[in-house]
Every structure is written in structure tokens, then in C-alpha cells.
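J.: Protein chains in written order, with the working numbering: chain A, 1 to 277; chain B, 278 to 585.
From the three backbone atoms N, C-alpha and C, an ideal C-beta is built for every residue, glycine too.
Computed from a predicted structure; not experimentally measured.
Questions regarding the structure given below will be posed in turn.
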């Protein structure tokens, strides 16, 4: 496994996700999309880095995401055109026009759709992984982790040693309420108390890589990754223009090549949306 | 010839074969403890055979089973009291039941919801089916005999839907099948469901001596709801119909079934009888239980006397 290659591939998939969402953002502004859309913008690096690590390890786990899942779908290689069609309710969309923004699904990348109940994907993914003994990655937010059924399920995962990697995309907010107003415990400490290996770090791709490079689903693991939400909880709007943007940071860090990769992703998205919506 | 076995033995035998055939699971709480769910689980089966004790977390449990169902291993899920449907059914209804419609991935589950009545207080008693009867993707049955149970299971095996099978603890010793009594131009047709079916013999015997012509229909296929042609014919010819439901308030399952009967038949006068409309207490004096034969007979007599 070569981190530099993973870093460039991640930049490409994160850029695809960002440009895809920018198109959707504009369509919402023009009132061409009128249902709730939950953007991944700002946190693309979490799913995209993880996806590229497991691609390079040639492991293809089942994926259980929830709302704000565009970057998961795109990072793991979901069909972009099919995702775009989902936003116009087309039956050729990745979820046959039924999924909108939050219930997206892909047979190709083994991504299972979400029903809209925050954190239900923890129970669903664990059940499927238990029944099949097949590895699963389950993505949730820091607020979903507070759901009672999530905590109960995590305790069972530890007892049964179910091959699941839990990824908490911690943007600090439950809609608009910050973590410090909601709880005095951490995901890492609670998971540890249940007997699950757990870690806490930022969405720096190097840190994600270091944590997962030797992980092979032999036992469950919990990683809480601090990240940011660039747009509103739902819909097209910006909470804080000064929010740190991992994607911009990575483009600058990689330099000229980074800018080229980013522009390549832009042209691919432009082509997909041409004549589509 | 098939040997007569009790409903308890039938469920146990179905479970054993099902686990073997589908390499499936029976999920639930306290399954491996004493009792084996009133003897309905084969004693010799353990976790390695697919009997899986879930944590005592009802909402999570339903979700884990909904996830396991995506594997197409057709898991069985036991809800030990139907009062716990309030917790257990959330993800089954909102994920497993919708999974095929949204994602084209079926998630079939055979749910055994165990009902009970008497001295179980405000929560654990009653058949809590009306909570989710309205929701798409679920089929609901209340088999009361080994034959009916077998038929429901055989349909489930061929189907990819979620099945909710409402069981009554008092039915586990039942041995024999029951038959409808269908008469031409009856004065009244009585539809009985679940535990109230125990009263059928007494009701029939009582009215056999009276001047009234009485038909009796045993109901166990609750959703999708339909009648056989002969049942429809009987109802269309009857003067009055009374629908007596198991442990649910009249605004729940009885009202739902009544509207179905109205849609499917031409019967002009329908009465429903369910649980008294009050909160149950634990002491027998304060309890809320389904109508027994005496109460059913009294209600039918009054209804027959009514001239409106």
C-alpha cells in the first residue's frame, strides 16, 4: 500500500463529491430540487480516504451510511450518473428514483440504503454482518451515536465480535446543537467501556491511513473522526464561511498535481450534468 | 397419515426444520433460558444451531433482525409480549417492510408476537397489531391450530414479505382444526379471532337450542384480508354480523376489520366487540380481558333483539 497514491486517489474522489454537490447546491438555489438534501461537503475526506484504503487492500466490505452519504457513495465508486438521476426521481437512478438524497443505495459498491431514522443503519448493518459473517463499514454522525439503540447495538457487537468498522463523522453538531451542550462523554470512552478498540483523530488522510492500514476486520473497531460541515444541516446555505475545508487544504498541500486532479474531477462532473438535469 | 400434534409441537418442529434448511436464526430475548418460549423451541438447540439471544434492548433487537433479514436467511424473531411491539417494530416496519419497494432488496422475517391476557397490567397484555396494521409490506396472521400455523409458514417460505404471526399462549396446547359453520340466510354471522375462538363451541351449542340461525367464521388471515367465496355468500345473506376480536380496543383491530368487512360484503348491520375501553390494572378486579363466551352470548342476544 502506497500512501501517496491513496492520497491522490482520495483527492480525486473527494473532488468528484464536492463538484457533484456544488451542482446540486445550485439546483436547489434555482428551486429545481425541492426536497431535503443533506450535503457531505466539508467531510468528504472521511469516507473517501477510507474507501481508497480498502480499495488498495482489495477488501470490499458492505457499506451502511445514512443521510449526508453522497461522499460515501462516490468515494466507494458508486455510479455518478445514477446518483444524479436520483435527484430527478428517475427510475434509472441508483435507488430507482425512490431514494432522493438520504436513502441512496448501490448494488455495485454494496452500499445499503438508509430509512431516515438516525443511527438505524448501525442496527441494520450489524444484523447483516452477523448473519453473513461478512465485514461491514457503518458510517454515522456524532448525534446518531447518542441514540439508545445505537449504544445497545454497539454493546452486542463487542460481545459477539462482529466484523464491523464504525466510523463516526464527528462534525460536532446535531442539527445546530453542539456536542458540549448535549453530553459529557466521548465516543471513544463509551466504546472502550463496551470493550471495542476505539480511536479519536482528525480527518487528516495520513491519520486515517495510519489507523486502518493494518485493520482487517478480525474484530470490531470504532473510529471517531473530527470533521466539518460546510453547508447547513439540510439544504443550500452556509453556517460559517471560516470553517476549515479539508479538500482545499489537501489541494494546496499536494500542489500543482493536486490542482490538476481537482480540475479533472470538475470536468468529469460537468460532463455528467450536461443535458442531464 | 399425519400424527396429531399440539400447536406447541408444530411450532417447535417447524423451527427445527427452518433453521436447518435456511441456516437461519431464531432471534429474541431469553430464548436459551428456562422454558424455551413455552416449549415452542426445540430444547436441544443452542446458539451454534442458530438460537440467538439478543440484548434486552427491544428497539435495537428489531433493527438487528431487520438487518439479518437482508441476508435472505429468513430469520424468525420472537417478541415475548406483544406490548413490546411498541419498541420492536420500529425498524422492521420502516426498514424491512419497505426494503424491497425502495431498494429492491427483500428482507423477509417470520415474527412470532406472543400475546397474553390476564394479570399482566397496562402494557404487556393485549394483541397490539393495530399499531402497524396500516403500514405497507407486512402480512398479519393469528393462527390458532397446528394446521393453520403450518399453512401460514408454508406461505412464508414461498414469499419474501415480512410475516407477523400473532400467537396466543393459551393456544399452544391446541390439537385439532376448527371448522366454520356456514348457514344460508342466517340471523347472525359471528366472526371470531384468536382466543375468542375458544368460545365457538359454547356459542354454537347455546344458539343451537334457540330459534336463531347462527353462522360462525373463524378468522386468522388478518392482512391481506379477504373471505372465501362460501364465507362471502354466507355474510351477504346474513341479517346481522358481529365481529369479536382478541385483545384489542374496539378502535383498533376490530374497527379496521369492520371496515374491510363492509368493503367486501353487503352485510347491513355489523357490531364489533373488543376490549373494554379502559386502562388495565394488574389485579384481576381491575383487569381488561377479552370477552368470554358468556359475555359474547349476552352481547349477541341483545344485538339480535335490536330492531334498528
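Using the beta-carbon count (16 or more within 10 Å), is residue 351/B buried or exposed?
T.: Per the 10 Å Cβ criterion, buried.
J.: Tell me, please, whether the CB atom of residue 72/A is closer than 8 angstroms to any CB atom in chain B?
T.: By this cut-off, residue 72/A is not an interface position.
J.: Pull up the distance between the alpha-carbon of residue 324/B and that of residue 68/A, whole angstroms please.
T.: Straight-line Cα distance between these residues: approximately 37 angstroms.
J.: Do we get a CB-CB distance below 8 angstroms when we pair residue 351/B with the residues of chain A?
T.: Residue 351/B does not count as touching chain A.
J.: Going by the beta-carbon positions, is the gap between residue 155/A and residue 332/B smaller than 8 angstroms?
T.: Yes; because the gap between Cβ atoms is below 8 angstroms, this pair is in contact.
J.: At the level of alpha carbons, what is the spacing between residue 407/B and residue 416/B?
T.: Taking the straight line from one Cα to the other gives about 12 angstroms.
J.: Determine the chain A residues that contact residue 314/B at a beta-carbon separation under 7 angstroms, and present them in chain order.
T.: Those do not exist, as residue 314/B stays about 20 angstroms from chain A at its closest Cβ, beyond 7 angstroms.
J.: Could you check whether residue 138/A and residue 64/A sit closer than 8 angstroms to each other, using their CB atoms as the reference points?
T.: For residue 64/A and residue 138/A, yes; Cβs fall inside 8 angstroms.
J.: Let me know the secondary structure DSSP gives residue 41/A once reduced to three states.
T.: If DSSP states are grouped into helix, strand and coil, residue 41/A belongs with coil.
J.: Would you list, in sequence order, the uninterrupted alpha helix (DSSP H) runs of no fewer than 4 residues that lie entirely inside the stretch 155–236 of chain A?
T.: Counting only runs of 4 or more, we get 187–194 and 205–212.
J.: Taking the straight line between their C-alpha atoms, what separation do you get for residue 305/A and residue 388/B?
T.: Shown here, chain A extends from 1 to 277; a query on residue 305/A therefore has no answer.
J.: How would you label residue 340/B, buried or exposed, when you count the other beta carbons within 10 angstroms and need 16 or more for buried?
T.: Flag for residue 340/B reads buried.
J.: Using the C-alpha atoms, what's the distance from residue 380/B back to residue 431/B?
T.: Near 26 angstroms, if we compare the C-alpha coordinates of residue 380/B and residue 431/B.
J.: Counting Cβ pairs closer than 8 angstroms, one from the stretch 417–425 of chain B and one from the stretch 495–502 of chain B, do we hit at least three?
T.: Contact between the stretch 417–425 of chain B and the stretch 495–502 of chain B is present, because at least three Cβ pairs lie under 8 angstroms.
J.: Apart from the five residues on each side of it in sequence, which residues of its chain come closer than 6 angstroms, Cβ to Cβ, to residue 365/B?
T.: Result list for residue 365/B: 335, 339 and 356, in chain order.
J.: When you compare only the Cα positions, how much space is there between residue 318/B and residue 285/B?
T.: Each residue's Cα considered, the two are about 8 angstroms apart.
J.: For the stretch 108–126 of chain A, list every residue whose C-beta sits within 8 angstroms of some C-beta in chain B, in sequence order.
T.: Here the close residues are 112, 113, 115, 116, 117, 120, 122, 123, 124, 125 and 126.
J.: Residue 386/B and residue 361/B - do their beta-carbons sit closer together than 8 angstroms?
T.: No, the pair does not count as a contact, with Cβ atoms beyond the cut-off.
J.: Below 8 angstroms on the Cβ atoms is my guess for residue 530/B versus residue 503/B; work out the distance and round it to an integer in Å.
T.: Between residue 503/B and residue 530/B the Cβ distance is about 16 angstroms, and since that is not below 8 angstroms, they are no contact.
J.: What residues in the stretch 51–79 of chain A bring their beta carbon closer than 7 angstroms to a beta carbon of chain B?
T.: Per Cβ criterion, the list is empty.
J.: Name the chain B residues whose beta carbon is nearer than 7 angstroms to that of residue 155/A?
T.: Under the 7 angstroms cutoff, chain B gives 332.
J.: Hey, quick one: how far does the beta strand (DSSP E) through residue 517/B stretch, first residue to last?
T.: Per DSSP, residue 517/B belongs to the beta strand (DSSP E) from 517–526.
J.: Thinking C-alpha only, which one of 383/B, 450/B and 458/B is nearest residue 433/B?
T.: Of the listed residues, the one whose Cα sits closest to residue 433/B is 383/B.
J.: Where does residue 557/B sit, in a helix, a strand or coil, going by DSSP?
T.: In the structure shown, residue 557/B sits in coil (DSSP, three-state: anything other than H, G, I, E or B).
J.: Answer with buried or exposed for residue 250/A, where buried requires no fewer than 16 other C-beta atoms within 10 angstroms of its C-beta.
T.: Buried, by the Cβ-count rule.
J.: Interface residues of chain B around residue 100/A at Cβ under 9 angstroms?
T.: Correct list: empty, because the minimum Cβ distance to chain B is about 10 angstroms.
J.: If distances are taken between C-alpha atoms only, which option among 164/A, 97/A, 23/A and 236/A comes closest to residue 61/A?
T.: Out of 164/A, 97/A, 23/A and 236/A, 164/A has the C-alpha closest to the C-alpha of residue 61/A.
J.: Return the Cβ separation of residue 269/A and residue 23/A in integer angstroms, given the expectation that the two are a contact with Cβ distance under 8 angstroms.
T.: About 6 angstroms; that satisfies the 8 angstroms criterion.
J.: With a threshold of 16 other CB atoms inside 10 Å of the CB of residue 176/A, please say whether the residue is buried or exposed.
T.: Its Cβ having fewer than 16 others within 10 Å, residue 176/A is exposed.
J.: Could you tell me which residues DSSP pairs with residue 136/A in its beta bridges?
T.: Paired residues: 62/A and 164/A.
J.: Counting C-beta neighbours from all protein chains within 10 Å, is the total for residue 440/B 16 or more, i.e. buried, or is it exposed?
T.: By the neighbour-count rule (16 or more Cβ atoms within 10 Å), residue 440/B is buried.
J.: Counting only Cβ pairs nearer than 7 angstroms, list the residues of chain A close to residue 344/B.
T.: Within chain A, the residues near residue 344/B are 123, 124, 125, 126, 127 and 128.
J.: Give me the chain B residues within the contact set of residue 148/A, using Cβ-Cβ distance strictly less than 9 angstroms, ordered along the chain.
T.: By Cβ distance, chain B contributes 334, 336 and 337.
J.: Please report whether the beta-carbon of residue 202/A lies at a distance below 8 angstroms from any beta-carbon of chain E.
T.: Chain labels in this structure do not include chain E; the protein chains are A and B.
J.: Kindly list the residues whose CB is nearer than 6 angstroms to the CB of residue 448/B, restricted to its own chain and excluding five residues on each side of it in sequence; keep chain order.
T.: Around residue 448/B: 284 and 421.
J.: Ignore the nearest five residues each way along the sequence and tell me which others in residue 282/B's own chain have a CB closer than 8 angstroms to its CB.
T.: Here the set comprises 290, 423 and 452.
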